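> Submitted below is the structure of interest, expressed as structure tokens.
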Amino acid sequence: MAHHLRPLFLRPPVPSTAVRLSLVLGLVMALVVSVVAVAGLAAQAPSRTVWDGVYTEAQAARGATVYAAQCAGCHLQTLAGSEAAPALVGDQFNATWENGSIADLFERIRVSMPVDRPGSLSRRQTADIVAYMLSVGRFPSGAAPLDTQSELLQIRYLSSRP
Ligand code: HEC
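If you're matching positions, the sequence shown starts at 1 in this note's numbering and goes up one per residue.
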């Protein structure tokens, strides 16, 4: 039997307009659902704030030691800042970081501080310093330490209790 004589009825059926329309609608719906889901995630991402007890006292105490050695020379032990080094607590700091994420603050410090030795802090030292900054800023401590992975630091900085 010759192959080119394949009978017509074996051709795949052409989808009807209704079937094609429902496929397109299905795709559009899937897209809408995923866009809504992503938007929802983005909106609720930093569900924790610095008022939720996001560091421990012990961690802040460790951070105080690292801070004294690595940061106080420029930012002062009170965190009030001096000359070019801005304050790390108070109105100016609040204005800069209001609604910002602790993940960004953590990365800012980890990557760029101390100015004269950027990148020299470990993740743990960086988390400890942020804990110390939060304790000096009078944010409450809690039961679990601040994490050292930025993706787990989706914590919103709010200068006043929400
Ligand atoms: C040699 C001086 C010096 C040292 C040491 C230093 N800093 Fe800084 N820091 C600066 C200067 C200057 C700026 C502003 C310019 C810049 O960001 O580079 C700054 C900016 C910052 C900012 C940004 C402040 C804001 O309002 O956004 C943070 C946070 C910070 N430093 C934290 C630290 C921490 C934590 C340490 C210790 C690990 C540290 N710095 C050590 C000089 C210093």
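Ideal Cβ placement from N, Cα and C applies to all residues, glycine included.
For clarity, every value in this text was computed on a predicted model and none was experimentally measured.
1. Go through the region 52-95 residue by residue and report every complete run of the alpha helix (DSSP H) that reaches 4 residues or more, in order.
2. Given this structure, state the Cα-to-Cα distance separating residue 96 from residue 108, to the nearest angstrom.
3. Tell me whether the region 63-83 and the region 130-139 touch, counting them as touching only if at least three CB pairs, one residue from each stretch, are closer than 8 Å.
4. Could you spell out where the alpha helix (DSSP H) holding residue 132 opens and where it closes?
5. Expressed to the nearest angstrom, what Euclidean distance is found between the alpha-carbon atoms of residue 158 and residue 90?
6. Taking DSSP as the reference, what is the three-state secondary structure of residue 156?
7. Using 9 Å as the threshold, is the C-beta distance between residue 59 and residue 145 below it?
8. Any idea what DSSP makes of residue 120, helix, strand or coil?
9. Hey, would you say the C-beta of residue 96 is under 8 Å away from at least one heavy atom of ligand 2?
10. Measuring only the C-alpha atoms, how far is residue 84 from residue 28?
11. Between the Cα of residue 117 and the Cα atoms of 74, 49, 23 and 127, which residue gives the shortest distance?
12. Mark residue 24 as exposed unless 16 or more other C-beta atoms lie within 10 angstroms of its C-beta, in which case mark it buried.
13. Do residue 106 and residue 127 count as a contact pair if the criterion is CB distance below 9 Å?
14. Hey, residue 103 and residue 56: beta-carbon distance below 9 Å or not?
15. Measure the beta-carbon distance from residue 26 to residue 140 and round it to whole angstroms, keeping in mind my assumption that it falls under 8 Å.
The answer reads as follows:
1. Given a length threshold of 4 residues, each whole run of the alpha helix (DSSP H) inside the region 52-95 is given here in chain order: 57-70 and 72-75.
2. Near 13 Å, if we compare the C-alpha coordinates of residue 108 and residue 96.
3. A contact is defined here as three or more CB-CB pairs under 8 Å, and the region 63-83 meets this definition with respect to the region 130-139.
4. Looking at the DSSP string, the run of the alpha helix (DSSP H) that includes residue 132 is 123-136.
5. Spanning the two alpha carbons is a distance of roughly 12 Å.
6. Look at residue 156 here: in three-state DSSP terms it is strand.
7. Against a cut-off of 9 Å, the Cβ pair of residue 145 and residue 59 comes out as a contact.
8. Three-state DSSP puts residue 120 in coil, outside helix and strand.
9. This structure does not include ligand 2; its bound ligands are ligand 1.
10. Taking the straight line from one Cα to the other gives about 53 Å.
11. It is 74 whose Cα lies nearest to the Cα of residue 117.
12. Exposed, by the Cβ-count rule.
13. Inclusion of residue 127 and residue 106 in the CB contact set at 9 Å is warranted, their separation being smaller than that value.
14. Contact: no.
15. About 49 Å separates the CB atoms of residue 26 and residue 140; that is not less than 8 Å, and the two are not in contact.
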